[in-house]
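Going by the working numbering, 538 is the number at position 540 of the sequence shown; the sequence numbering is gapless.
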Amino acid sequence: MPPESNHSFRPLPDPRSEEFTSALRQRLVAGGQLEELAARRAERACQQSSERFDVVLARLGLVADGALCTALSDLLQLPLVPAESWPTRSYFEDVVPEAFLTANRMVILNDEGETVRTAVADPFNTTALTALAFQIERPVRVFLAPPAAIERCLENLHGRATSAVATDQAAPPDSADDAGADDVRRLEDLASEAPVIRLVHDLIQRAVESRASDIHVEPRDDSVCIRYRIDGALQTAETLPVSVRAALSSRIKIMARLNIAERRLPQDGRIRFTARGREIDLRVSTMPTISGESIVLRILDRESIPLEFSELGITGPERTGFEQLLAEPNGIILVTGPTGSGKSTTLYTALKTLNHTDRKLFTVEDPIEYRLTGVNQIAVNPKIGLSFASALRSILRQDPDIIMVGEIRDLETAEIAIRASLTGHLVLSTVHTNSAAATIARLLDMGVEDFLLGSSLKGVLAQRLVRTLCNACATKAEVSDIEATRLRRLAGHSREPGPIDVREPCGCTACRGTGYRGRTAIYELLTITPALRDTIAAGAQESAIEAAAVTSGMTTLMQNGMAKVLNGETTTHEVLRVTRAADATLSL
-1 MPPESNHSFR
9 PLPDPRSEEF
19 TSALRQRLVA
29 GGQLEELAAR
39 RAERACQQSS
49 ERFDVVLARL
59 GLVADGALCT
69 ALSDLLQLPL
79 VPAESWPTRS
89 YFEDVVPEAF
99 LTANRMVILN
109 DEGETVRTAV
119 ADPFNTTALT
129 ALAFQIERPV
139 RVFLAPPAAI
149 ERCLENLHGR
159 ATSAVATDQA
169 APPDSADDAG
179 ADDVRRLEDL
189 ASEAPVIRLV
199 HDLIQRAVES
209 RASDIHVEPR
219 DDSVCIRYRI
229 DGALQTAETL
239 PVSVRAALSS
249 RIKIMARLNI
259 AERRLPQDGR
269 IRFTARGREI
279 DLRVSTMPTI
289 SGESIVLRIL
299 DRESIPLEFS
309 ELGITGPERT
319 GFEQLLAEPN
329 GIILVTGPTG
339 SGKSTTLYTA
349 LKTLNHTDRK
359 LFTVEDPIEY
369 RLTGVNQIAV
379 NPKIGLSFAS
389 ALRSILRQDP
399 DIIMVGEIRD
409 LETAEIAIRA
419 SLTGHLVLST
429 VHTNSAAATI
439 ARLLDMGVED
449 FLLGSSLKGV
459 LAQRLVRTLC
469 NACATKAEVS
479 DIEATRLRRL
489 AGHSREPGPI
499 DVREPCGCTA
509 CRGTGYRGRT
519 AIYELLTITP
529 ALRDTIAAGA
539 QESAIEAAAV
549 TSGMTTLMQN
559 GMAKVLNGET
569 TTHEVLRVTR
579 AADATLSL
């Protein structure tokens, strides 16, 4: 007689019963993982779709996978997979097909001899557990794990993405109490395995789990290339057949509420997406090309943004100086750098620091990337005449204390911002330039009067993002005395004397073989001193402004970056790459 799983010894409750549904709901609501309105929404969807309560919660993204898994573990008295128990090799490959494990979201953890420990995402899938026990001819000990953890393990073991079931859904209704036909239709789509729907959801889900900032859907003559931008670098995630090109672009455009019939003009839209209980905003941009529509989805994950200066990499004297600028009652503070250098995140962090109940804060953005509680945020809309300048002009009549302008693009916006700062407001904004000194030169070139700029501008923070070394695999670099001396000289006064910890990338599964994991900011803070104010008023060029700032104690981007190289945070290659330094001989 074939062995059976341990379910035969201790039967599980009926997951469709009212008792189990009520117990799971009460546990999640009491623990704060599920809102009452969302629970009622899920129950209505269960009644209309005849689906299990726990499945509906997962597929509609109403509860994070980890919280749901923990609640099921407590209710069913089944253990969770210990962090150290995930396998590094496959077991029973000759009798258990990979496709079977993938389809049933199962991982064989190890072979204990008499029994086999197995991680499952769905403990009620007893048919699959019985089949597994039959195949390996051993009893099975069941452990619970979130679907994402199982999928990551299968991907690491088999070298490719193996996600079989998309448990996310597109934009939830504005009201958690408004379930209706939309929820049921999404459940039916997933249950019927609608291929394109599942494909798009899987691509977004894997991008979020990979910490990607963008998803690139690139049409080619013979295929569709999917690339993720992770830590600032593009990595190919998947190559799809050309036959899915039209359906893939149409599905994304439907989710973004764009015109699927218009393929000749660029379009912009937004998607609200729930990935394993986390609400994600995606900005969608389409562009017609000769091979089809190129689509880029910018992932705006509020939970992944720390909004703390130390977490962003702004530390030491520069952080102290920047916080002193933010304490000013009025004036303009600018953050500068190229696209993708983290300017918006720095400004949001500044706003979080300044957001107190005795102050009124306004922002004018294009678009609003993250919502901040207690801040009045306005999205510009040029189609109806709501530009940065017009919105800023109206905000001044709203009695604000602090104003954040997404970007100063023209003279009109610059002049209104200056007037606001001169009338008692603190104004934060960005300008696209390559350095702090270049920002001042850029504003003067726009036509801003030098005496107005000198009297209103408090400081400029220029920044770049560099990839940080993976702590799991980075190795100590062999640095000669000559190289160490050169690095210390390049770091200048931005680093205290002492031992150095120069490391180099290696590559492992944690960093996907790149040697880097995560990013940090390097920066230079130009504070307007009386000497600099005189230099600006004299109409000095960019080089003279930078020389005066360095004389006043400013640490340059290069110096700040090299200090982080000496601390073992990043590499000279990364610093030279983002600062566009040409001296390749500095690389170690």
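For every residue, glycine included, the Cβ atom is placed at its ideal position computed from N, Cα and C.
Assuming Ile228 and Ile297 form a contact by the criterion Cβ under 8 Å, report the distance between their Cβ atoms to the nearest whole angstrom. Start at 1 with the first residue of the sequence shown, and residue 228 comes out as number 230. Start at 1 with the first residue of the sequence shown, and residue 297 comes out as number 299. The distance from the Cβ of Ile228 to that of Ile297 is about 11 Å, inconsistent with a contact at the 8 Å cut-off.
*For Pro170, the three-state DSSP class (helix, strand or coil)*: Locating residue 170 in the sequence shown gives position 172, where the first residue counts as 1. Bear in mind that a pLDDT of 44 at Pro170, under 50, signals an unreliable position, so the number given afterwards is only what the model happens to contain. DSSP places Pro170 in coil when its eight states are reduced to three.
| request: Could you tell me which residues DSSP pairs with Val282 in its beta bridges? | output: Taking the sequence shown and counting its residues from 1, the one referred to as residue 282 is at position 284. Bridge partners of Val282: Gly267 and Leu295.
Taking the alpha helix (DSSP H) that Lys358 belongs to, which residues open and close that run? By one-based count along the sequence shown, residue 358 stands at place 360. Here Lys358 belongs to no alpha helix (DSSP H), and DSSP marks it neither H nor E.
Next item on the list: Counting only the same chain and skipping the five closest in sequence on each side, list residues whose C-beta sits under 7 Å from that of Ile312.
Entry: Translated into the one-based positions of the sequence shown, residue 312 becomes position 314. Closer than 7 Å at Cβ, skipping near neighbours: Phe320, Ala519 and Tyr521.
For this session: Kindly indicate which residue of Lys341, Ala97, Arg42 and Ile330 has the alpha-carbon position closest to the one of Glu413.
Result: Taking the sequence shown and counting its residues from 1, one reaches residue 413 at position 415. Closest option to Glu413, Cα to Cα, is Ile330.
Exercise. So who's on the other strand from Met104, going by DSSP bridges?
Worked result: Locating residue 104 in the sequence shown gives position 106, counting from the first residue. Looking at the DSSP assignment, Met104 forms a beta bridge with Val118.
- Where Glu481 sits in the DSSP three-state scheme: If you number the sequence shown from 1, residue 481 lands on position 483. Correct three-state label for Glu481: helix.
Next on the checklist: For Arg262 and Pro286, I'd like the C-alpha separation in whole angstroms.
Outcome noted: For this step, residue 262 is matched to residue 264 along the sequence shown. For this step, residue 286 is matched to residue 288 along the sequence shown. Between the C-alpha atoms of Arg262 and Pro286 there is a straight-line separation of about 6 Å.
Practice problem: Name the two residues that bound the continuous alpha helix (DSSP H) containing Ala436. | Solution: Within the sequence shown, numbered from 1, the residue matching residue 436 stands at position 438. Residues Ala434 to Met444.
Closest Cα partner of Phe122 within the set Leu201, Asp52 and Thr507: As a first step, residue 122 must be located in the sequence shown, where it is residue number 124. Comparing Cα-Cα distances from Phe122 to each of Leu201, Asp52 and Thr507, the minimum goes to Asp52.
Inset, instruction - Along the alpha helix (DSSP H) that carries Val403, what are the first and last residues, could you check? - result: To locate residue 403, count along the sequence shown from 1; it is residue 405. Run containing Val403: none in the alpha helix (DSSP H); it sits in the beta strand (DSSP E), Ile400 to Val403.
Quiz item: Looking only at its own chain, which residues have a Cβ that is under 7 Å from the Cβ of Ala254, when we skip the five neighbours before and after it?
Solution: Translated into positions along the sequence shown, residue 254 becomes position 256. Excluding residues within five positions, the ones whose Cβ falls inside 7 Å are Gly267, Arg268, Ile269 and Val282.
Is it the case that the region 500 to 515 contacts the region 457 to 477, given that we only count it when at least three CB pairs across the two stretches are under 8 Å? When Cβ pairs closer than 8 Å are counted between the two stretches, the region 457 to 477 is seen to touch the region 500 to 515, the count reaching three or more.
Distance, Leu32 Cα to Arg407 Cα: In the sequence shown, counting from the first residue as 1, residue 407 sits at position 409. In the sequence shown, counting from the first residue as 1, residue 32 sits at position 34. In a straight line, the C-alpha of Arg407 is about 43 Å away from that of Leu32.
Thinking C-beta only, is Leu295 closer than 9 Å to Thr343?
Taking the first residue of the sequence shown as position 1, residue 343 is located at position 345. Taking the first residue of the sequence shown as position 1, residue 295 is located at position 297. Taking 9 Å as the Cβ cut-off, Thr343 and Leu295 do not qualify as a contacting pair.
Beta-carbon within less than 7 Å of Ala436's beta-carbon, same chain only, minus the 5 sequence neighbours each way: which residues are those? Start at 1 with the first residue of the sequence shown, and residue 436 comes out as number 438. Hits under 7 Å: Glu540.
Taking a contact to mean a Cβ-Cβ separation below 9 Å, would you say Arg517 touches Val563 in this structure? Here residue 517 refers to the residue found at position 519 when the sequence shown is read from its first residue. Here residue 563 refers to the residue found at position 565 when the sequence shown is read from its first residue. Taking 9 Å as the Cβ cut-off, Arg517 and Val563 do not qualify as a contacting pair.
Notebook entry, point to check: Near Leu394, which residues of its chain fall below 7 Å by C-beta distance, leaving aside the five closest residues on each side in sequence?
Noted result: On the sequence shown, residue 394 is found 396 positions in, with the first residue counted as 1. Excluding residues within five positions, the ones whose Cβ falls inside 7 Å are Ala418.
(request) To the nearest angstrom, report how far apart Val573 and Met560 are at their CA atoms. (result) Within the sequence shown, residue 573 is the residue found at index 575, counting from 1. Within the sequence shown, residue 560 is the residue found at index 562, counting from 1. If I take the Cα positions, the gap works out to 7 Å.
Check your understanding: Cβ atoms of Arg462 and Gly335: under 9 Å apart, would you say?
Key -> If you number the sequence shown from 1, residue 335 lands on position 337. If you number the sequence shown from 1, residue 462 lands on position 464. Yes, Cβ-Cβ distance for Gly335 and Arg462 is below 9 Å.
>> Helix, strand or coil, according to DSSP, for Tyr346 in the structure here?
In response: For the purposes of this step, residue 346 is taken as the residue at position 348 of the sequence shown. Three-state DSSP puts Tyr346 in a helix.
How far does the alpha helix (DSSP H) with Arg204 in it reach, from first residue to last?
Counting from 1 along the sequence shown, the entry for residue 204 is found at position 206. Residues Pro193 to Glu207.
Can you give me the C-alpha to C-alpha distance between Ala69 and Gln375, rounded to a whole angstrom?
For the purposes of this step, residue 69 is taken as the residue at position 71 of the sequence shown. For the purposes of this step, residue 375 is taken as the residue at position 377 of the sequence shown. About 37 Å.
Problem - Beta-carbon proximity list for Pro365, same chain, < 6 Å, skipping 5 on both sides - result: Sequence index remark: in the sequence shown, residue 365 carries index 367 (1-based). Correct list, in chain order: Ala377.
Is Pro77 closer than 9 Å to Phe141 when the C-beta atoms are compared? As a first step, residue 141 is located in the sequence shown; it is residue number 143 there, counting from the start. As a first step, residue 77 is located in the sequence shown; it is residue number 79 there, counting from the start. Taking 9 Å as the Cβ cut-off, Phe141 and Pro77 qualify as a contacting pair.
* To do: May I ask which residues mark the beginning and end of the beta strand (DSSP E) holding Ser427?
  => Within the sequence shown, numbered from 1, the residue matching residue 427 stands at position 429. Taken as a continuous stretch (DSSP letters only), the beta strand (DSSP E) holding Ser427 covers Leu424 to Val429.
Practice prompt. Compare the beta carbon distance of Glu316 and Ser247 with 9 Å and say whether it is the shorter of the two.
Written response: Looking up residue 316 in the sequence shown gives position 318. Looking up residue 247 in the sequence shown gives position 249. Their beta carbons are not under 9 Å apart, which means Glu316 does not touch Ser247 by this criterion.
Point to revise | Three-state class that DSSP yields for Pro11 in the structure shown | key: Counted from its first residue, the sequence shown places residue 11 at position 13. Note: Pro11 maps to coil in three-state DSSP.
task = Tell me the start and end of each unbroken alpha helix (DSSP H) in the region 501 to 553 that is at least 4 residues and wholly inside, in chain order.
result = Listed in chain order, they are 528 to 535 and 540 to 549.
Where Ile401 falls, given that 16 or more other Cβ within 10 Å makes a residue buried:
Here residue 401 refers to the residue found at position 403 when the sequence shown is read from its first residue. Under this definition Ile401 is a buried residue.
Complete beta strand (DSSP E) runs within the region 29 to 63 (minimum length 3 residues, chain order):
Entirely contained in the region 29 to 63, not one beta strand (DSSP E) run reaches 3 residues.
Counting along the chain, where does the alpha helix (DSSP H) carrying Thr128 start and finish?
-> Counting from one through the sequence shown, the residue named residue 128 turns up at place 130. Where Thr128 is concerned, the enclosing alpha helix (DSSP H) stretches over Thr124 to Ile134.
Among all the DSSP beta bridges, which residues are the ones paired with Asn379?
Within the sequence shown, residue 379 is the residue found at index 381, counting from 1. Asn379 is bridged to Leu384.
9 Å is my cut-off, CB to CB: does Thr128 come that close to chain B? Chain labels in this structure do not include chain B; a single protein chain is all it has.
Out of Ser550, Thr569 and Ile148, state which residue places its alpha-carbon closest to the alpha-carbon of Thr86.
-> The residue labelled residue 86 in the question sits at position 88 within the sequence shown. Closest by alpha carbon: Ile148.
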